DNA sequence: CGTGATATTAATCGTTTGATTAATATGTCA
DNA sequence: TGACATATTAATCAAACGATTAATATCACG
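Protein chains in written order, with my numbering: chain A, 1 to 224; chain B, 225 to 448.
Right under this line is the structure:
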């Protein structure tokens with residue numbers, strides 16, 4: 001016998017819920033949007049999927065963010081916001097000239113601490129036609145990369161680096177050494193058993209900075 | 225006055241076309257599928273788009289390849305086939321132990337010569353949940369990476385490399401130095417004015433191999 | 001208390017997508 | 001020359017998608 005209006009199971013009727021005044025639905029949407037969009041890409045994830053993961057309906061996306069792209073933008077803003085802010089803070093604080101090793105290790109630690117960052121870089125920066133690539137490049141790569149070049153040029157002119165070193169190429173090499181081990185982790189963890197957790201991260205960081213300075217060759221001199 | 229059945233413009237009626245016996249429609253589909261899928265990703269490109277670019281209809285995709293995924297698989301097969309074949313040829317040919325520099329430069333030249341390869345790597349290998357990632361990893365990264373490790377281990381035991389060098393980490397560094405400059409080219413070309421055409425490629429190759437051997441530090445000894 | 005702002009569900013709309021089919025025209029070969 | 005294989009277009013289908021709306025329930029405040 002079907003009851004009139006009291007559906008007994010989890011089915012809920014429309015209407016504002018009782019408890020929370022805090023925007024927990026909005027936060028849940030952002031959280032699951034980050035997890036899903038960064039894992040599978042923007043086009044591969046539907047608004048219904050995100051809403052279901054967050055325990056709500058796709059209409060809430062329209063309510064809080066306007067549309068799917070609005071949710072994506074808000075998610076990215078929240079994700080890279082802290083990094084852009086800390087970058088600005090560094091620039092304004094009189095720019096205490098950072099040392100090479102500190103810069104590299106700091107950058108790597110940032111990638112290791114936020115495991116979703118490499119995926120974001122792949123989807124947003126490396127991927128052709130990544131949404132918001134413009135913004136990401138301007139606010140992030142466009143400032144970090146020239147800073148790297150400047151540090152290298154200064155160290156070279158100071159005599160600490162080879163005189164014939166091209167700072168631009170060296171910056172690209174440094175960024176490659178710092179970033180690629182993390183964005184390629186899904187592959188290297190399988191084909192090489194690689195990992196970057198805790199102790200292994202320290203080994204990677206030491207190895208990378210030393211390789212950049214000294215290379216892999218044996219002995220103090222050069223060979224052949 | 226609308227004519228009865230003779231639509232005068234380019235509109236064509238069904239039926240087998242007159243000339244070609246060669247499968248030029250199939251080839252055109254593969255060609256434009258590669259361009260579009262590698263540029264925008266599998267999910268972002270519709271079968272209608274590919275068909276229109278190839279000057280035909282989406283029914284031809286069904287006719288020649290079964291479905292969208294079949295077209296994608298065939299495109300990838302055609303794209304990476306030559307590389308897998310040459311890899312097998314190298315393995316079977318008694319494995320003439322390759323030198324480090326040759327391996328690195330050869331790998332980089334491969335990326336420079338086929339400009340769509342970096343995009344393929346981003347979409348298929350680095351991207352979480354990339355279709356055919358399994359196959360690509362097994363046939364490509366899963367063979368190239370261990371080969372790299374083996375070469376490094378041999379050179380280290382031979383005394384050419386530092387005794388305390390971890391071959392696994394060194395292999396990851398070498399791959400980073402070789403691959404990342406190419407996959408990050410869409411970014412570095414904008415923020416650093418970087419390029420890898422002709423003469424610039426030679427400079428990059430020389431710089432990279434030398435940095436891997438000797439590092440960036442000045443002088444023959446070490447510092448601090 | 002009651003009225004408007006807020007938050008939520010369920011239902012639905014129009015579009016696009018991948019896939020398929022019927023019709024049609026050419027090639028091939030006995 | 002007729003019959004079957006091949007290749008193509010146009011039309012269409014069901015499903016999924018993004019987006020929107022109407023209904024509904026609670027909250028905040030006078």
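A virtual CB, placed ideally from N, CA and C, is assigned to each residue, including glycine.
Keep in mind the model is a prediction, meaning the values are calculated, not measured.
With the cut-off set at 8 Å, would you say residue 380 of chain B and residue 192 of chain A are in Cβ contact? Position 156 of the second chain, counted from the first residue, corresponds to residue 380 of chain B. Position 192 of the first chain, counted from the first residue, corresponds to residue 192 of chain A. Taking 8 Å as the Cβ cut-off, residue 380 of chain B and residue 192 of chain A do not qualify as a contacting pair.
Beta-carbon of residue 32 of chain A versus every beta-carbon of chain B: anything under 8 Å? Locating residue 32 of chain A in the first chain gives position 32, where the first residue counts as 1. False, the Cβ-Cβ gap to chain B never drops below 8 Å.
Just the C-alpha distance for residue 190 of chain A and residue 158 of chain A, rounded to the nearest angstrom, thanks. Taking the first residue of the first chain as position 1, residue 190 of chain A is located at position 190. Taking the first residue of the first chain as position 1, residue 158 of chain A is located at position 158. Taking the straight line from one Cα to the other gives about 42 Å.
In the DSSP assignment, find the alpha helix (DSSP H) that holds residue 115 of chain A and state where it starts and stops. By 1-based counting over the first chain, the position of residue 115 of chain A is 115. Counting along the chain, residue 115 of chain A falls outside any alpha helix (DSSP H), and DSSP gives it neither H nor E.
Residue 286 of chain B: first and last residue of the uninterrupted alpha helix (DSSP H) it sits in
Along the second chain, one-based indexing puts residue 286 of chain B at 62. That run of the alpha helix (DSSP H) goes 283-289.
Q.
Among B:266, B:305, B:333 and B:365, whose alpha-carbon lies nearest the alpha-carbon of residue 427 of chain B?
A. Taking the first residue of the second chain as position 1, residue 427 of chain B is located at position 203. Measuring from the Cα of residue 427 of chain B, the nearest candidate turns out to be B:333.
Point to revise | Local conformation of residue 267 of chain B per DSSP, three classes | key: Position 43 of the second chain, counting from 1, holds the residue named residue 267 of chain B. Coil.
Quiz item: residue 80 of chain A touches chain B at which residues, Cβ-Cβ below 8 Å?
Solution: Reading the first chain from its first residue, position 80 is the one you call residue 80 of chain A. What residue 80 of chain A touches in chain B: nothing, since even the nearest Cβ is about 15 Å away.
Q) In whole angstroms, what separates the C-alpha of residue 431 of chain B from that of residue 441 of chain B? A) To locate residue 431 of chain B, count along the second chain from 1; it is residue 207. To locate residue 441 of chain B, count along the second chain from 1; it is residue 217. Going by the C-alpha atoms only, they are around 13 Å apart.
* Asked: Relative to the C-alpha of residue 293 of chain B, which residue among B:305, B:370, B:356 and B:366 is closest?
  -> If you number the second chain from 1, residue 293 of chain B lands on position 69. Minimum Cα distance to residue 293 of chain B is reached at B:356.
- Task: Along the alpha helix (DSSP H) that carries residue 381 of chain B, what are the first and last residues, could you check?
- Result: The residue labelled residue 381 of chain B in the question sits at position 157 within the second chain. Note, residue 381 of chain B: alpha helix (DSSP H), 366-381.
Neighbour list for residue 204 of chain A in chain B, Cβ cutoff strictly below 7 Å: Numbered from its first residue, the first chain carries residue 204 of chain A at position 204. Per Cβ cutoff of 7 Å: 393.
Below 7 Å on C-beta distance, what does residue 212 of chain A contact in chain B? Position 212 of the first chain, counting from 1, holds the residue named residue 212 of chain A. Correct list: 439 and 440.
- Of all the options B:352, B:264, B:411 and B:277, which has the alpha carbon lying nearest to the alpha carbon of residue 145 of chain A? What you label residue 145 of chain A is simply residue 145 of the first chain in a count that begins at 1. Here the closest residue by C-alpha is B:411.
_Contact set for residue 87 of chain A: own chain, Cβ-Cβ below 7 Å, skip 5 residues either direction_ = To locate residue 87 of chain A, count along the first chain from 1; it is residue 87. Cβ neighbours of residue 87 of chain A beyond the five flanking positions: 143.
Does DSSP classify residue 132 of chain A as helix, strand or coil? As a working mapping, residue 132 of chain A is identified with position 132 in the first chain. Residue 132 of chain A: coil per DSSP, three-state reduction.
Practice task
Say whether chain A places a C-beta atom closer than 8 Å to the C-beta of residue 414 of chain B.
Solution key: Taking the second chain and counting its residues from 1, the one referred to as residue 414 of chain B is at position 190. It does: the Cβ of residue 414 of chain B has a partner Cβ on chain A nearer than 8 Å.
| query | Which residues in chain A sit within 7 Å of residue 336 of chain B, going by Cβ to Cβ distance? | reply | Residue 336 of chain B sits at position 112 when you count from the first residue of the second chain. What residue 336 of chain B touches in chain A: nothing, since even the nearest Cβ is about 14 Å away.
Review point. What is the rounded straight-line gap between the Cα of residue 390 of chain B and the Cα of residue 83 of chain A?
Key: By 1-based counting over the second chain, the position of residue 390 of chain B is 166. By 1-based counting over the first chain, the position of residue 83 of chain A is 83. When rounded, the distance between both Cα atoms is 32 Å.
With residue 276 of chain B and residue 260 of chain B assumed to form a contact (beta carbons below 8 Å), what rounded beta-carbon distance in angstroms separates them?
-> In the second chain, counting from the first residue as 1, residue 276 of chain B sits at position 52. In the second chain, counting from the first residue as 1, residue 260 of chain B sits at position 36. Between residue 260 of chain B and residue 276 of chain B the Cβ distance is about 10 Å, and since that is not below 8 Å, they are no contact.
Rounded separation between residue 195 of chain A and residue 399 of chain B - CA only: Counting from 1 along the first chain, the entry for residue 195 of chain A is found at position 195. Counting from 1 along the second chain, the entry for residue 399 of chain B is found at position 175. Roughly 16 Å separates the two Cα atoms.
For residue 124 of chain A, return the contacting residues in chain B, with the cut-off set at a CB-CB distance below 7 Å. Here residue 124 of chain A is taken as the residue at index 124 of the first chain, counted from 1. Chain B residues near residue 124 of chain A: none, gap ~10 Å exceeds 7 Å.
*Rounded straight-line distance, which links the Cα of residue 394 of chain B to that of residue 374 of chain B*: Here residue 374 of chain B refers to the residue found at position 150 of the second chain. Here residue 394 of chain B refers to the residue found at position 170 of the second chain. Roughly 11 Å between the two C-alpha positions.
- Excluding the five sequence neighbours on either side, which residues of its own chain have a C-beta within less than 7 Å of the C-beta of residue 98 of chain A, listed in chain order? Here residue 98 of chain A refers to the residue found at position 98 when the first chain is read from its first residue. Here the set comprises 151.
* To do: Sort B:289, B:425, B:434 and B:258 by Cα distance to residue 247 of chain B and report the nearest one.
  => Stepping through the second chain from its first residue, residue 247 of chain B is reached at position 23. Among B:289, B:425, B:434 and B:258, the Cα nearest to that of residue 247 of chain B is on B:289.
| query | What does residue 300 of chain B reach in chain A if we use C-beta pairs closer than 7 Å? | reply | Stepping through the second chain from its first residue, residue 300 of chain B is reached at position 76. By Cβ distance, chain A contributes nothing, its closest Cβ being about 16 Å from residue 300 of chain B, past 7 Å.
- Query: Thinking C-beta only, is residue 365 of chain B closer than 8 Å to residue 349 of chain B?
  - Reply: Taking the second chain and counting its residues from 1, one reaches residue 349 of chain B at position 125. Taking the second chain and counting its residues from 1, one reaches residue 365 of chain B at position 141. Yes. Within cutoff.
Discussion item. Just to confirm my understanding: we take residue 41 of chain A, look at its own chain, exclude 5 residues before and 5 after, and list those with CB closer than 7 Å. What are they?
Written reply: Walking along the first chain from the start, residue 41 of chain A turns up at place 41. These residues qualify, in order along the chain: 123.
*Unbroken stretches of the beta strand (DSSP E), 3 residues or longer, contained in the segment 76-110 of chain A*: none
Check: Secondary structure at residue 204 of chain A, three-state DSSP: helix, strand or coil?
Finding: Your numbering for residue 204 of chain A matches position 204 in the first chain. Of the three classes helix, strand and coil, the one that applies to residue 204 of chain A here is helix, per DSSP.
- Message: At a CB distance below 9 Å, what residues from the segment 261-278 of chain B approach chain A? Give them in sequence order.
- Response: 262, 263, 264, 265, 266, 267 and 268
Exercise. Beta carbon of residue 303 of chain B, beta carbon of residue 335 of chain B: below 8 Å?
Worked result: Your numbering for residue 303 of chain B matches position 79 in the second chain. Your numbering for residue 335 of chain B matches position 111 in the second chain. Cβ distance not < 8 Å, so residue 303 of chain B and residue 335 of chain B don't count as in contact.
Which residues of chain A have a Cβ atom closer than 7 Å to the Cβ of residue 405 of chain B, listed in chain order? Counted from its first residue, the second chain places residue 405 of chain B at position 181. The contacting residues are 172 and 176.
For this session: Within 10 angstroms of the Cβ of residue 184 of chain A, are there 16 or more other Cβ atoms? Answer buried if so, exposed if not.
Result: Mapped onto the first chain, residue 184 of chain A falls at position 184. Looking at its Cβ environment, which holds 16 or more other Cβ atoms inside 10 Å, residue 184 of chain A is buried.
**Report entry** Expected contact under 8 Å - CB spacing of residue 435 of chain B and residue 102 of chain A to nearest Å
**Finding:** Along the second chain, one-based indexing puts residue 435 of chain B at 211. Along the first chain, one-based indexing puts residue 102 of chain A at 102. No, residue 435 of chain B and residue 102 of chain A are not in contact; Cβ-Cβ is about 20 Å, not under 8 Å.
Legend entry - chain A contact for residue 422 of chain B (CB, 8 Å cutoff): Translated into the one-based positions of the second chain, residue 422 of chain B becomes position 198. No, because no Cβ of chain A sits closer than 8 Å to the Cβ of residue 422 of chain B.
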